[in-house]
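Residues are numbered in the working numbering as their position in the sequence shown, beginning at 1, plus a constant of 1.
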Amino acid sequence: MVPVSGKEKARIEAILVHARKNRAISLRIAEYDLEGLKKRAEEEGMPYQTLISTILHKYVTDQLVDKREVYKTVSLAREAVVDFGISQPEK
């Protein structure tokens, strides 16, 4: 374990306390979307409220990934490999 100064320890503890705080909110959402969230949450094995919280956290921390954008980027990269004759690594 790495020793930490008292000041740094207090800063880390403050961050952890803040990170653990949850706040109840009221949210209006389309029934169709709520049912979809409940279905996805069940597939993931978690409560739907946890799934919603996770999605929101990923969104605000820029970790939410749109699969379509990833596929588009990969497709463009593959086209660039072909267009510019870049050799691909052997599999």
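For each residue, glycine too, the CB sits at the ideal point set by N, CA and C.
All figures in this text were calculated on a predicted structure; none of them were measured in a lab.
Exercise for the section: Might you give, ordered along the chain, the residues of its own chain that have their beta carbon closer than 8 angstroms to the beta carbon of VAL5, omitting 5 neighbours on each side? Expected result: ILE13
Handout entry: Selected residue, minimal CA-CA separation from LEU65, among LYS8, VAL83, LEU52
Key = LEU52
Problem - Within the stretch 8-57, ranges of the alpha helix (DSSP H) (whole runs, at least 4 residues) - result: 32-45
Exercise for the section: With DSSP as the reference, label VAL3 as helix, strand or coil. Expected result: coil
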